[in-house]
Amino acid sequence: MTYTIANILTLSRFFIAPVFLVCILSERPWGMDAAIVLFLVGALTDYLDGLTARALNEESEIGQYLDPLADKVLTTSAWIAFWMVDVMPLWMVIVIILRDFGTTVLRSIATSKEHHFQTSRTAKWKTFVQMCFILYALMLLWMSHTTILSIDRAAVRSVLYSQTTYAIILVVTLFTLYTFLEYLVVNRRLFRRG
């Protein structure tokens, strides 16, 4: 693998994800602050790696494979954290993780059979919706822990653990599952013999 600037930005998300998870679960007062910063940096590298690859003509097959995988590793760390702090139930985490890594398997099968595997428009919306929820939940988690702002932390926690938040993540989970089923239908040729 060539260590281009774009690929280094992509690879950084693999290292950010576990540190983010440790920070968000830390009992240290600075843990949540660090977790928010790390996730935002990870999200920024997702934007910058594609931009850099195009600007410096560094687009590559390995980069196109690693970029969505790095995204999945980063978002998976957030889903696991949300389960561990009781923001979402385990079954939703499992559905989202299986879907996200299931598409990686489909992409690998397509590559091995020399089929083009394109990210669908629905899947791009799925990524956007997931990121919006993750940022929403992270901000509420941060606000419920921070001493920087003079806010009613109990009120923030009541929003974070509300039926509304549960309904939002349920919709995100079902939409995520739908995009996987769509991929299976669109790419059914991958499962044909011969």
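All residue numbers for the sequence shown refer to the numbering used here, where the first residue is 3 and numbers rise by one. Backbone N, C-alpha and C define an ideal beta-carbon position, used for all residues, glycine too.
Under the three-state reduction of DSSP output, K126 falls in the helix class. Judged by their CB atoms, S122 and V39 are not nearer to each other than the 8 Å cut-off. Listed in chain order, the non-local C-beta contacts of A36 below 6 Å within the same chain comprise C25, local neighbours out to five positions each way being set aside. Under the Cβ criterion (8 Å, minimum of three pairs), the region 67-75 counts as touching the region 14-23.
Closest option to L183, judged by alpha-carbon separation, among S62, T47, L108 and D154: L108.
Nearest Cα to T47 within the set D88, I136 and D73: D73.
Exposure of Q165 is indicated by the presence of fewer than 16 other C-beta atoms within 10 angstroms of its C-beta. Per DSSP, the continuous alpha helix (DSSP H) segment holding I82 begins and ends at E63 to M86. CA-to-CA, the gap between W93 and N9 works out to about 33 Å.
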